[in-house]
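Accompanying notes for the structure given below.
Protein chains in written order, with the numbering used here: chain A, 390 to 827; chain B, 238 to 564.
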């Protein structure tokens, strides 16, 4: 099934053929307490404490919460507000490594997922701090715990990687296909589903083949090549493309019997159960014309952006923007001392002449955005409403369904800052609704 | 740390996503529209000579001047570089008789940009197609000058447009057979009387198809507009060929081609949804056919498009796309 709308940007997957390189140990790590959607964890350590690699620094504060862990062994230098990729300083734990990289002695395998019960595995996944690695960073164990009245019949593995430039998921599928599929099997067992579908955009046939060749015989997994179109990797559109089921507005994938997980998350789940290893590292793409040596890296959560840029031989003088994530939905960074975190799938350095400037001319009602919006909204009208502060009207026009994919702004000939206007409108609409509901 | 990676935050741009853009802008759209009009303009120059060039230059310069003046008067940023005033000027010129006096063209420019666009807030906010507002204003205010058509090839002589000739004959109780109808070949090439840019159906079709190919316009409006006009005039012709001309004649004569491809596709004044565009095109076709067949004017394209412009907000409201996942 093809979803309506979407765009075909230049993909620029310049790092697709480059193997993942592990970063060396750095002189400093900054581990923010909040790296996921949900309640931040509660601190378990204090300034001056000695910690070991993989040791939890926080504990989950409730069900929709996960801990963070020490990326290496060393001493806690400070716990204070430090720059965070979302743009405002947040509480973080600064660690000075002792260069021994000693593993915490309580890290040991939980067991074989083919024999373990779902509850044990889910708690192992939560304790390992696993979150969705596609970028939304929702705690994975929560997604693997659908309520009983929502029967799940499909596990969907998101290998679309539809953001231009990014090749991290692609490399994980190529280099660790067996781990990805073991992770899928593990999540299938937790959910009690018989069937999994892997969706991969058809610009990555090698990834699809690698997975097919490594598929365990006891797992019923379909591999589907999808049209290369942004935002193919959006949860709702991926489900629609693979199953023909449309998640209703305001609902979650479980409404149509599906759970979607990212390929990196599958590996993280497997490592959490098989090795007892918490999520202290991940694969990301460092790319763009601004970086001197584009590549794929495996970095420890908490590595400073400046260290990553230096590892890739730095940026060239024309660089005008450094983005965490992809060019469509990533977040522009202004402080090179921010740490890369669990949700950092890419670091994109764009040169000045490539950067879109949304200075906001008048809407000429060309209808390109309407044709493009994968959610079936009318972005042109929503943009005008936001400019006029008519937020209730925006709510009536389904602003809450906007996934902020940026397709509308990408095609807008007037370069209107549509996504920015919608982000504002969404917040205002939420406030209005909260007031209405008392 | 490698000193090549020393990059201070001062050097960086921080803005909301997305960080890349397709590259299309308003100026390139307007430029493409002008390019698409070149074949019809050249035919106009060839058929009507220097007087057509004069009308074009006056209209474009006039529109740019009025745009500049309105910006100054209303304290707005300069909008000359978005090229929209140039497009309005070219379309206005093409909708005037080639022998129009200079003051007629300038009044047209003032009405198009001033009353048609600037008072609503400029580009993007005008409900009606500015060039058509001017054309209809002039047609009603100066009917003699606006219907004095030069006859191609015959200097200083005037006559009727092909549609006008038919209307006049039928209103005098004659039949279509009594009229010396323009041939399809003349209509296609443009060697007939009419506004200087509307006469060559072929040149306009070429430009329209190019805009379609470039993705500047969508097919719904021109195709629905033309098909509906053909359908209704075709039925009338089948029932009473003595008093109604063939749909092919309607297709290639008057302002249908320039209207359907260039005026009814004006983005600002037409619906944003594709379903809405279809309704808009059908509405234009119905009104054009009704005016041409039974109205007082021989030509109805301008009135049809302006009337449909007024329905655009309504059409948009009722043709909103279905939200993803909504039952």
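Where is the CB? At the ideal position from N, CA and C, for every residue including glycine.
(request) Please classify residue 372 of chain B: is it buried, with 16 or more other beta-carbons within 10 angstroms of its beta-carbon, or exposed? (result) If you number the second chain from 1, residue 372 of chain B lands on position 135. Counting other Cβ atoms within 10 Å of its Cβ, residue 372 of chain B reaches 16 or more and is therefore classed as buried.
(message) Would residue 572 of chain A and residue 608 of chain A qualify as a contact pair, given that the criterion is a beta-carbon distance under 8 Å?
(response) Within the first chain, numbered from 1, the residue matching residue 572 of chain A stands at position 183. Within the first chain, numbered from 1, the residue matching residue 608 of chain A stands at position 219. No, the Cβ-Cβ distance between residue 572 of chain A and residue 608 of chain A is not below 8 Å.
(message) Distance check for residue 552 of chain B and residue 790 of chain A, CA to CA, integer angstroms please.
(response) Along the first chain, read from residue 1 onward, the residue named residue 790 of chain A stands at position 401. Along the second chain, read from residue 1 onward, the residue named residue 552 of chain B stands at position 315. Between residue 790 of chain A and residue 552 of chain B, the C-alpha separation is close to 23 Å.
(request) Output, in chain order, the set of chain B residues within a Cβ distance shorter than 9 Å of residue 799 of chain A. (result) Locating residue 799 of chain A in the first chain gives position 410, counting from the first residue. Here the neighbours are 255, 257, 258, 259.
(message) So, with DSSP's three-state summary, where would you put residue 315 of chain B?
(response) Residue mapping note: residue 315 of chain B aligns to position 78 of the second chain, counting from 1. For residue 315 of chain B, the three-state secondary structure derived from DSSP is coil.
(request) For the beta strand (DSSP E) containing residue 428 of chain A, list its first residue and its last residue. (result) On the first chain, residue 428 of chain A is found 39 positions in, with the first residue counted as 1. Where residue 428 of chain A is concerned, there is no enclosing beta strand (DSSP E), given that its DSSP letter is neither H nor E.
(message) So, does the stretch 415 to 423 of chain B touch the stretch 257 to 272 of chain B, judging by three or more C-beta pairs under 8 Å?
(response) Here the stretch 415 to 423 of chain B makes no contact with the stretch 257 to 272 of chain B; the two share fewer than three CB pairs at distances below 8 Å.
(message) I'd like to know whether the C-beta of residue 561 of chain B is nearer than 8 Å to at least one C-beta of chain A.
(response) Reading the second chain from its first residue, position 324 is the one you call residue 561 of chain B. Contacts with chain A at 8 Å (Cβ-Cβ) include residue 561 of chain B.
(request) Kindly indicate which three-state DSSP category residue 504 of chain B falls into: helix, strand or coil? (result) Taking the second chain and counting its residues from 1, the one referred to as residue 504 of chain B is at position 267. Residue state for residue 504 of chain B is assigned as coil, using DSSP reduced to three classes.
(message) So with CB distances below 9 Å, who are the chain A contacts of residue 252 of chain B?
(response) Position 15 of the second chain, counted from the start, is the residue given in the question as residue 252 of chain B. For a Cβ distance threshold of 9 Å, residue set 710, 721, 744, 745, 746, 747, 806, 809 of chain A lies close to residue 252 of chain B, ordered along the chain.
(request) State yes or no: is the beta carbon of residue 423 of chain A nearer than 8 Å to at least one beta carbon in chain B? (result) In the first chain, the residue the question calls residue 423 of chain A occupies position 34. No, residue 423 of chain A lies away from the interface with chain B (no Cβ there is under 8 Å from its Cβ).
(request) Confirm, please, whether the CB-CB distance from residue 792 of chain A to residue 814 of chain A is below 8 Å. (result) Translated into positions along the first chain, residue 814 of chain A becomes position 425. Translated into positions along the first chain, residue 792 of chain A becomes position 403. No.
(request) Given a cut-off of 8 Å, decide if residue 466 of chain B and residue 526 of chain B are closer than it, judged by their beta-carbon atoms. (result) Against the second chain, residue 526 of chain B aligns to sequence position 289. Against the second chain, residue 466 of chain B aligns to sequence position 229. The Cβ-Cβ distance between residue 526 of chain B and residue 466 of chain B falls below 8 Å.
(message) Output needed in chain order: residues of the stretch 526 to 559 of chain B with a Cβ under 7 Å from some Cβ in chain A.
(response) Cβ proximity to chain A below 7 Å picks out 557, 558, 559 from the stretch 526 to 559 of chain B.
(request) Given a cut-off of 8 Å, decide if residue 277 of chain B and residue 608 of chain B are closer than it, judged by their beta-carbon atoms. (result) For chain B, the structure presents residues 238 to 564; residue 608 of chain B sits outside this window and is missing.
(message) So, under 8 Å CB-CB, residue 249 of chain B and residue 295 of chain B are touching, yes? Tell me the CB distance rounded to an integer number of Å.
(response) On the second chain, residue 249 of chain B is found 12 positions in, with the first residue counted as 1. On the second chain, residue 295 of chain B is found 58 positions in, with the first residue counted as 1. 49 Å between Cβ atoms; not a contact.
(message) Please give the ranges of any alpha helix (DSSP H) in the stretch 378 to 443 of chain B, keeping only runs that are unbroken, at least 4 residues long and fully inside the region.
(response) Those alpha helix (DSSP H) runs which fall completely within the stretch 378 to 443 of chain B and span 4+ residues are 380 to 383, 399 to 408, 421 to 426.
(request) With a 10 Å radius around its C-beta and 16 neighbouring C-beta atoms as the bar for buried, classify residue 629 of chain A as buried or exposed. (result) The count along the first chain starts at 1 and reaches residue 629 of chain A at position 240. Under the 10 Å beta carbon count, residue 629 of chain A is surrounded by 16 or more other beta carbons and is classified as buried.
(request) Give a yes or no on whether the C-beta atoms belonging to residue 627 of chain A and residue 645 of chain A are separated by under 8 Å. (result) Against the first chain, residue 627 of chain A aligns to sequence position 238. Against the first chain, residue 645 of chain A aligns to sequence position 256. With respect to residue 645 of chain A, residue 627 of chain A sits apart: the two C-beta atoms are not nearer than 8 Å.
(request) Check whether the Cβ of residue 266 of chain B lies closer than 8 Å to any Cβ atom in chain A. (result) For the purposes of this step, residue 266 of chain B is taken as residue 29 along the second chain, with counting starting at 1. For residue 266 of chain B, the closest Cβ of chain A is nearer than 8 Å.
(request) Report the three-state DSSP secondary structure of residue 304 of chain B (helix, strand or coil). (result) The residue you call residue 304 of chain B lines up with position 67 of the second chain. Here residue 304 of chain B sits in helix by DSSP.
(request) Could you please give the first and the last residue of the uninterrupted alpha helix (DSSP H) stretch that includes residue 809 of chain A? (result) Numbered from its first residue, the first chain carries residue 809 of chain A at position 420. Counting along the chain, the alpha helix (DSSP H) containing residue 809 of chain A begins and ends at 807 to 825.
(request) Would you mind reading off the limits of the alpha helix (DSSP H) that contains residue 570 of chain A? (result) Along the first chain, one-based indexing puts residue 570 of chain A at 181. Element bounds for residue 570 of chain A: 566 to 580.
(request) Report the option in A:797, A:757, A:802, A:783 whose CA atom is closest to the CA atom of residue 822 of chain A. (result) Here residue 822 of chain A refers to the residue found at position 433 of the first chain. Checked all of A:797, A:757, A:802, A:783; the closest Cα to residue 822 of chain A is A:783.
(message) For residue 468 of chain A and residue 432 of chain A, which I take to be in contact (beta-carbon distance under 8 Å), what is that distance rounded to the nearest angstrom?
(response) Counting from one through the first chain, the residue named residue 468 of chain A turns up at place 79. Counting from one through the first chain, the residue named residue 432 of chain A turns up at place 43. Contact between residue 468 of chain A and residue 432 of chain A holds: CB atoms are separated by about 7 Å, below the 8 Å threshold.
(request) With 9 Å as the limit, tell me which residues of the stretch 341 to 373 of chain B have their beta carbon closer than that to any beta carbon of chain A; keep them in chain order. (result) Shown in chain order are the members of the stretch 341 to 373 of chain B whose Cβ falls below 9 Å from a Cβ of chain A: 358, 359, 360, 361, 362.
(request) Rounded to whole angstroms, what's the CA-CA distance from residue 803 of chain A to residue 751 of chain A? Just pull it up for me. (result) In the first chain, the residue the question calls residue 803 of chain A occupies position 414. In the first chain, the residue the question calls residue 751 of chain A occupies position 362. So the alpha carbons of these two residues sit roughly 6 Å apart.
(message) Going by the DSSP bridge assignment, what does residue 605 of chain A pair with across the sheet?
(response) Within the first chain, the letter at position 216 stands for residue 605 of chain A. Beta-bridge pairing links residue 605 of chain A to no other residue.
(request) Sort B:307, B:530, B:300 by Cα distance to residue 323 of chain B and report the nearest one. (result) For the purposes of this step, residue 323 of chain B is taken as residue 86 along the second chain, with counting starting at 1. The residue from B:307, B:530, B:300 with its alpha-carbon nearest to that of residue 323 of chain B is B:300.
(message) I want to verify the contact list: residues of chain B whose CB lies under 7 Å from the CB of residue 473 of chain A, in sequence order.
(response) In the first chain, residue 473 of chain A corresponds to position 84, counting from 1. Correct list: empty, because the minimum Cβ distance to chain B is about 14 Å.
(message) Taking DSSP's pairing of strands, which residues face residue 612 of chain A in a bridge?
(response) On the first chain, residue 612 of chain A is found 223 positions in, with the first residue counted as 1. According to DSSP, which records beta bridges pairwise, residue 612 of chain A is partnered with A:587.
(message) Less than 8 Å between the C-beta atoms of residue 507 of chain B and residue 458 of chain B, yes or no?
(response) In the second chain, the residue the question calls residue 507 of chain B occupies position 270. In the second chain, the residue the question calls residue 458 of chain B occupies position 221. Their beta carbons are under 8 Å apart, which means residue 507 of chain B touches residue 458 of chain B by this criterion.
(message) Check whether the stretch 580 to 598 of chain A and the stretch 539 to 551 of chain A touch, using three or more Cβ-Cβ pairs below 8 Å as the test.
(response) Yes, they touch.
(message) Please list, in chain order, the chain B residues whose beta carbon lies closer than 7 Å to that of residue 775 of chain A.
(response) Locating residue 775 of chain A in the first chain gives position 386, counting from the first residue. By Cβ distance, chain B contributes nothing, its closest Cβ being about 13 Å from residue 775 of chain A, past 7 Å.
(message) Please classify residue 593 of chain A as buried or exposed, where buried requires at least 16 other C-beta atoms within 10 Å of its C-beta.
(response) What you label residue 593 of chain A is simply residue 204 of the first chain in a count that begins at 1. If you draw a 10 Å sphere on the C-beta of residue 593 of chain A, you find 16 or more other C-beta atoms in it, and that means buried.
(request) Reducing DSSP to helix, strand and coil, say where residue 554 of chain B ends up. (result) Counting from one through the second chain, the residue named residue 554 of chain B turns up at place 317. For residue 554 of chain B, the three-state secondary structure derived from DSSP is helix.
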